[in-house]
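Read through the structure below, which is laid out as structure tokens, and then see the notes.
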Amino acid sequence: LDDLRLLIDASDVHSEGLNDILARLRERLVRRLAALGITLEWDFTRSPMLPPLSPSKSIQILRILQEAVTNVIKHAQARHVVIASERLDDPATGQAARLLFEVADDGAGFDPANASDGRGLRNLRARIAELGGHAHLDSTPGGGCRLRFDVPMSEHTISG
């Protein structure tokens, strides 16, 4: 029910933007992860107030972050998760050009060369590609996992 409320909030065209949606996500994740004994570190200090994004782009970013955290819960055996964001400005204009996100954990990790590309990872990559973004996954057995992805701020990259 919480996830449904979050999606409804994200699709509200009168929403104040991605910052509000992410704040609601944070509230829900703190409770959910704490119940599982996992601490959440939320670092959005390098992404000041963001310009408004379309509801569809905001929902995609929300779903990517939710899927990444679900993977941590299901597979990582982590005790600590970091979710961070950074706004990357165009040096020529000073305007926001891309958003960089990171979800990292201190869990079991895995060898990416020997891992099957399960549905969760396929969905993450597909959503990121749909936004015109790029994804990079770092992991080592016993060393946790880190997903980094960036998406352009421009709206024309969204398909559908």
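So the sequence shown is numbered by the working numbering: it starts at -19 and just counts up by one.
Glycine included, every Cβ here is placed at the ideal spot set by N, Cα and C.
Can you give me the C-alpha to C-alpha distance between residue i and residue j, rounded to a whole angstrom?
| i | j | result |
| --- | --- | --- |
| Leu68 | Arg78 | 5 angstroms |
| Asp86 | Ala115 | 19 angstroms |
| Ser34 | Ala76 | 15 angstroms |
| Leu2 | Thr50 | 16 angstroms |
| Glu110 | Leu16 | 32 angstroms |
| Ala95 | Ile44 | 20 angstroms |
| Ala84 | Ala72 | 31 angstroms |
Classify residue i as helix, strand or coil using the three-state DSSP reduction.
| i | result |
| --- | --- |
| Ile41 | helix |
| Pro32 | coil |
| Ile63 | strand |
| Ala(-10) | Because Ala(-10) carries a pLDDT of 49, less than 50, the predicted location of this residue cannot be relied on, and no value is offered for it. |
| Thr120 | coil |
| Pro92 | helix |
| Ala56 | helix |
| Ala72 | coil |
| Cys125 | strand |
Within the continuous alpha helix (DSSP H) that includes residue i, where are the two ends?
| i | result |
| --- | --- |
| Ala3 | Leu(-2) to Ala15 |
| Ala106 | Arg99 to Glu110 |
Whose C-alpha, out of the options, is nearest the C-alpha of residue i?
| i | options | result |
| --- | --- | --- |
| Glu21 | Arg6, Ala15 and Met29 | Arg6 |
| Val131 | Gln57, Pro71, Asp118 and Leu42 | Leu42 |
| Phe129 | Ala58, Ile108, Arg26 and Leu2 | Ile108 |
| Arg99 | Arg4, Ala48 and Leu(-2) | Ala48 |
| Leu127 | Arg12, Ser38, Asp0 and Val52 | Val52 |
Let's see if you can read the secondary structure: which residues bound the beta strand (DSSP E) around residue i?
| i | result |
| --- | --- |
| Asp85 | Ala76 to Asp85 |
Taking 8 angstroms as the CB-CB cut-off, is residue i touching chain C?
| i | result |
| --- | --- |
| Leu101 | Annotation note: the requested chain C is absent from the structure, which comprises a single protein chain. |
Quiz prompt | Cβ contact (3+ pairs, closer than 8 angstroms) linking the segment 8 to 27 and the segment 54 to 69 | solution = yes
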